[in-house]
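Residue numbers (the working numbering), protein chains in the order written: chain W, 1 to 415; chain X, 1001 to 1415. One structure below.
Protein chains: 2
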Amino acid sequence: MNAAIITIGDELLNGQTIDTNSSWLAQELNLLGINIALKFSCGDSQEPVRDALQLSSERADLIITTGGLGPTKDDITKKSICDFLSDELRFDQGTYDNILALLKSRGRGMTELHKNQCYMPGSAKLIANSQGTAPGMWMEHEGKIYLALPGVPREMKAIMKPLGLGMIANRFSGEYIIHSFIQTAGCGETIISEAIQPIVDRFPASLSIAYLPSIASVKLRITAKGKDFDILQTWVKKFTDEISFEIKEHVYGFGELTLSEAVGQLCLRYKIKLATAESCTGGLLAQLITSISGASSYYQGSIVAYSNELKMNLLRVPDDLLALQGAVSEAVVKQMVRGAIAATNADVAIATSGIAGPTGGSIDKPVGTIWIAVGTRETQETVKLQLNKDRIGNVQYTAVTALNMMRKFIEKNFA
Amino acid sequence: MNAAIITIGDELLNGQTIDTNSSWLAQELNLLGINIALKFSCGDSQEPVRDALQLSSERADLIITTGGLGPTKDDITKKSICDFLSDELRFDQGTYDNILALLKSRGRGMTELHKNQCYMPGSAKLIANSQGTAPGMWMEHEGKIYLALPGVPREMKAIMKPLGLGMIANRFSGEYIIHSFIQTAGCGETIISEAIQPIVDRFPASLSIAYLPSIASVKLRITAKGKDFDILQTWVKKFTDEISFEIKEHVYGFGELTLSEAVGQLCLRYKIKLATAESCTGGLLAQLITSISGASSYYQGSIVAYSNELKMNLLRVPDDLLALQGAVSEAVVKQMVRGAIAATNADVAIATSGIAGPTGGSIDKPVGTIWIAVGTRETQETVKLQLNKDRIGNVQYTAVTALNMMRKFIEKNFA
């Protein structure tokens, strides 16, 4: 069972809008066992929409369009679909009444643009949109389903969540698709894939794996596809367990867990208060940690000591140490950990100091030289990185690596 | 001059990765006067990639693919392009040497997977990738250009920014397109567009304007398109001046300037040291300010006082004030400004305190209640926001608003 998604709108092609509809639809359809075979984006003109409909109808059983239905759009979608399905636009009184009621509730009247919206393909079954004026349109032609949805994500979901997805599910019952995710950090895609290759070689035909790398971390996705839900679940569980055991030192969690959440859960579990002392990460560690709702129950805060003055005054780094070793040194990040703990009453702290670039490097300490320390008042562990990304890349890599070090430190010392 | 973009990867079709490459490419190509005619996303298999190449070659002169080139990918892209262009994969010693050197610098060795990456379409001109192992591939066939890029955004940009875009620009010259950008903050799109409509009404036919809103800010883009470069430049300059004068209190800069850069430039000009004291923004202010290379010459740092303990100990907020007024109050953010200045020896400081949500609200102070203060030791200006976005949206809106307040404060008090 395959689907195609066609997103329509000039704003998607000139880069001013990032399409999030199709990823939401893909995730929801995946849960129903429906694969996306192909995805298109077209501007607001008929020819490419027709091309996309043609190719989609050859490759997919369900063709979903989003966009091109609003009052200021040129109704490209409806005209293109009508032409393609040899259908005609007809005035729909129900839509007219709905739009009139919606506008009244907002204290506004009907305009010509709104009236244009009331013409619908004659064969379309309309699906109510509680959030806007354009309903969803369900059409069938030569065994294929065509579903046209508005482009505003809130409206698209208001059609699909209560009604559209259920209509699709009722219509197609077939294969299941199950995903399982293993979250890893601190190790590259290639090394992980080589380590687990012997396990992947034993996958049954219904299973596949994908490596989804991001900065200093790799998400593994194990996918099972087939008709027997229980067997698929068993396979996915068995191989998720085997793989995560094989690379257990790199695994920080499962599902959609982030590294900040993993660290937060460890802090909650062992009743640990966390603080950070940031130089080169410049607040990013604090931001990652506080992006988790509820972080205030374990996170004391951060001293973003961008100047040496702050390192001395707030983190108690001695000025002779800064003069002798430089701010980017093992001794300084270790003292930053102790200083942050003293200033914030935390149990553990993370400290970073480095040269993120593009300026500030020297022969001894080129751009990309970064020291990280994690630990308690008594013990600190350190690492030196030599990175070659741009400023933002260096900072992000440092922050993720530092969070992962803290995760491992807590697991080793508090578990 | 038309282009097509083909993004390749199962992760784009199952909704697990949101494609940002194509919007970045579209924006950059637009600046060169190149329209995107069509956009596809295909999974990691040859048939849909071939379909997409076929349709693209019928509608576009430049066909760009992203993705499908990494070490664990199945090299779908290279094989599909070779088949489509009747080309063959050949071992490329230069790529081998580059990968070997890159791996050595990371202390790692070559694997079989890496060796597979060294086979390139025989006709391809390779474009260096400073951030990864897969170079860009530039191929020409029957008057069309095919450009294959890796899918990791950092790597894709590392190929396009220094070399790829220039190669494309050199290749196609026709009409000139000139853009001018006016950066505004603190005012919505509707109010700005109403204020400048009389000026826009006087635009010559070669000029157009677009409003590009983002959080708490709007970028105006004035575009001129035509054959006479000098005339276009004159028009763009004249109307950019007129418009920015009309809304001057909202304009913080031109071109690609960010608000953090604008604040940084003011600090440099008036020799002001800046600090921040953040509660609800949780380090985002620090991160925005330190994302600018050279920020260390005016930015002292941030105290991210997530706990009341830190507000008392490091920012000298009296405990009875916290008890009486609560952490989210005007009196507390004013004291946070004074406390941050005292702790960091800065001249000016920004402070934020609020309830970002989704939890933590009360009847008196619902989620989205946020106080901001900016000022010196002697004078502080404050504002109260009542926001209704999600956690991240509330934090971002607060940070941008706070930076804009600091910009206006410096302009008023130091200029």
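Even for Gly, the Cβ is constructed at its ideal location relative to N, Cα and C. Bear in mind that the values here come from a model prediction, so they are computed numbers and not experimental data.
What is the C-beta distance between residue i and residue j, in whole angstroms, given that I count them as a contact (C-beta under 8 angstroms)?
i	j	result
X:C1280	X:I1392	With a Cβ gap of about 12 angstroms, X:C1280 and X:I1392 do not count as contacting.
W:R154	W:Q131	5 angstroms
W:R221	W:A210	4 angstroms
X:G1015	W:A356	Contact doesn't hold; Cβ gap of about 33 angstroms is too wide.
W:Y298	W:L268	6 angstroms
W:V236	W:I199	Not a contact, Cβ separation roughly 13 angstroms.
Going by beta-carbon coordinates alone, are residue i and residue j separated by less than 8 angstroms?
i	j	result
W:V304	W:G339	no
W:M110	W:L126	no
W:I341	W:T379	no
X:Y1176	X:F1229	yes
X:M1336	X:F1172	no
X:K1157	W:L13	no
X:F1203	X:F1254	no
X:Y1306	W:Q300	yes
X:A1275	X:T1344	yes
W:Q396	W:I192	no
X:R1407	X:L1266	yes
X:A1346	X:V1333	no
Could you pull out every residue in the same chain whose Cβ sits closer than 7 angstroms to the Cβ of residue i, ignoring the five residues on either side in sequence?
i	result
W:F84	R50, L53
W:N308	L322, A327
X:A1399	T1281, L1284, L1285, L1288
W:S45	I76
X:P1048	C1042
W:A195	E246, I247
W:H141	L85
W:C82	E88, L89, P121
W:N129	P135, G136, P150, E155, A158, I159
Output the distance between the C-alpha atoms of residue i and residue j, rounded to the nearest integer angstrom.
i	j	result
X:N1404	W:N394	27 angstroms
W:L31	W:E242	24 angstroms
W:G43	W:A3	20 angstroms
W:N98	W:G186	55 angstroms
W:M120	W:K78	7 angstroms
X:E1278	X:K1412	23 angstroms
X:N1116	W:S23	31 angstroms
W:D19	X:T1017	11 angstroms
W:T223	W:A37	16 angstroms
X:L1113	W:N35	28 angstroms
W:P162	X:A1402	40 angstroms
W:N180	W:Q93	For the record, residue 180 of chain W in the displayed sequence is Ser; it is not Asn. Looking at the two C-alpha atoms, the distance is approximately 47 angstroms.
Please classify residue i as buried or exposed, where buried requires at least 16 neighbouring CB atoms within 10 angstroms.
i	result
W:W69	Per the sequence presented here, residue 69 of chain W reads as Leu, with Trp not at that position. Buried, because 16 or more other Cβ atoms sit within 10 Å of the Cβ of W:L69.
X:S1208	exposed
X:N1388	exposed
W:P358	exposed
W:K104	exposed
X:T1190	exposed
X:N1170	exposed
X:P1135	buried
X:Q1197	exposed
X:N1313	buried
X:A1101	exposed
X:E1249	exposed
W:I168	buried
W:I363	exposed
Only counting the same chain, and skipping five residues up and downstream in sequence, which positions put a Cβ closer than 8 angstroms to that of residue i?
i	result
X:F1409	V1348, V1374, G1375, E1381
W:G151	T7, I8, G9, N21, T66, G67, G68, L69, G70
W:V251	I182, Q183, T184, S244
W:Y270	I410, F414, A415
X:K1144	S1057, A1060, D1061, L1062, I1063
X:G1226	E1175, Y1176, S1206, L1232
X:E1028	M1160, L1165
X:G1188	P1213, V1218
W:E261	G253, I292
X:G1361	I1355, V1367, G1368, T1369
Who are the near neighbours of residue i in its chain, counting only those whose CB is closer than 6 angstroms to its CB and skipping five residues on each side?
i	result
W:S147	In the sequence on display, residue 147 of chain W carries Leu and not Ser. Hits under 6 angstroms: I64, W138.
W:A124	M137, M139
W:T95	C118
X:K1384	W1371
With a threshold of 8 angstroms between beta carbons, is residue i in contact with chain A?
i	result
W:C42	This model lacks chain A altogether, as its protein chains are W and X.
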